[in-house]
Structures are given as C-alpha cells and as structure tokens.
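S.K.: Numbering (mature numbering (1 follows the signal peptide of the UniProt record, and there is no 0)), first residue to last: -23 to -1, 1 to 141. Every residue, glycine too, gets a C-beta built ideally from N, C-alpha and C. As the structure is a computational prediction, the values presented were derived from the model and not from experiment. One structure, pasted below without further comment.
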C-alpha cells in the first residue's frame, strides 16, 4: 500500500504539471498575498487512503506558511510530508516533500512536489492537481488528482479542525 501511495503522490507532482493547460481556462487568480491563505492555519484531522491523517499549518510569516502532514494506518506511521506555501507571480503555490517513517526522503534533496496556483477565493485554494476548500470554520475538503499509469483518479480527503 505504501509503495502505491508513494507512486501516486509522486505521480500527482507530474500531474500537477500536466494540468497546466487545463488551468489556463480556470477562474482568474484572486490570492495576492499569503495572508489570503491564513484561514488554513491550525491543526486538521481526518481519514483517507484507508488510514488516519493529520495536517497542521502555521500562520503566515515573511510571505510563507509552513506545515506538516502525517498519515498512519493501524497505529503505525506510513509517511510524512513537509509543506510550504509561498507567493509566486501567479499567486500562492504549495510545495511538498515526502518522507518515509524513518525520515528518508522520497524526492531528491533540492526537489519538491510543486502545486502551481490556479485560482483562489475566500474559501478555496486551487492548484494544479490539488484543491483545498473550506466548508465552514471547522472543515476542509482536499481533492488531489493522482496518476496511476495512464489513469487519473481523484482522492477526496476530509478534515475537521482539532485542538493543538
């Protein structure tokens, strides 16, 4: 299962680039500063990929937001992610680095899985290959597009705000 997830997550990076042509017809960009993504700050918990998930984001500082994600199944860690949002010419982008439970990285040292900006609004951050939507103050839904060979699937991850 972890090999499949690892392959799918790396494929999501490739897909995020492949979706660039599709993004050209998307709504205009609305996020000009990282502060427009500040609603994501905090701790979020949920289920997906057959296990449990936790994601946490710090408030914006210096034009960036930093976060982490962990996924576990049957009480055992499966993988971790280090997350960063920053602002580029097109809007807010998200970059991700993946790690095994022993902290061996999936990507090369200087490489990230990058989700380029598509559009945004007060309750949504839309990237190539990833959408984050706020449903009220305490719920978010993430939709990630994953490539398995020639097949593209969408995985929907639901999170609830949780105390730190």
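Less than 7 Å separating the beta-carbons of residue 116 and residue 100?
M.R.: One-based indexing of the chain shown puts residue 116 at position 139. One-based indexing of the chain shown puts residue 100 at position 123. No, these two residues do not count as a Cβ contact at 7 Å.
S.K.: Tell me the DSSP bridge mates of residue 94?
M.R.: Taking the first residue of the chain shown as 1, we reach residue 94 at position 117. Paired residue(s): 104.
S.K.: Tell me which residue opens and which closes the beta strand (DSSP E) that residue 56 is part of.
M.R.: Residue numbering aside, residue 56 sits at position 79 when the chain shown is read from its first letter. Note, residue 56: beta strand (DSSP E), 53 to 65.
S.K.: So, is residue 94 buried or exposed, given that buried needs 16 or more other C-beta atoms within 10 angstroms?
M.R.: In the chain shown, residue 94 corresponds to position 117, counting from 1. Classification for residue 94: buried.
S.K.: Provide the residue span of the beta strand (DSSP E) that contains residue 71, from first to last.
M.R.: Indexing the chain shown from 1 puts residue 71 at position 94. From DSSP, the beta strand (DSSP E) with residue 71 extends over 68 to 76.
S.K.: Sorted by chain position, which residues of the same chain lie with C-beta nearer than 6 Å to residue 91's C-beta, five sequence neighbours on each side aside?
M.R.: For the purposes of this step, residue 91 is identified with residue 114 of the chain shown, where counting begins at 1. Around residue 91: 72.
S.K.: By Cβ distance below 6 Å, which residues in the same chain neighbour residue 17 in space, the five residues on each side in sequence not counted?
M.R.: For the purposes of this step, residue 17 is taken as residue 40 along the chain shown, with counting starting at 1. The residues are 34.
S.K.: Mind reading off the beta-carbon distance from residue 118 to residue 138? Whole number of angstroms is fine, and I expect it under 8 Å.
M.R.: For the purposes of this step, residue 118 is taken as residue 141 along the chain shown, with counting starting at 1. For the purposes of this step, residue 138 is taken as residue 161 along the chain shown, with counting starting at 1. 13 Å between Cβ atoms; not a contact.
S.K.: Looking at residue 38 and the ligand COA, is the gap between the Cβ and the nearest heavy atom below 6 Å?
M.R.: This structure lacks the ligand COA, and indeed carries no ligand of any kind.
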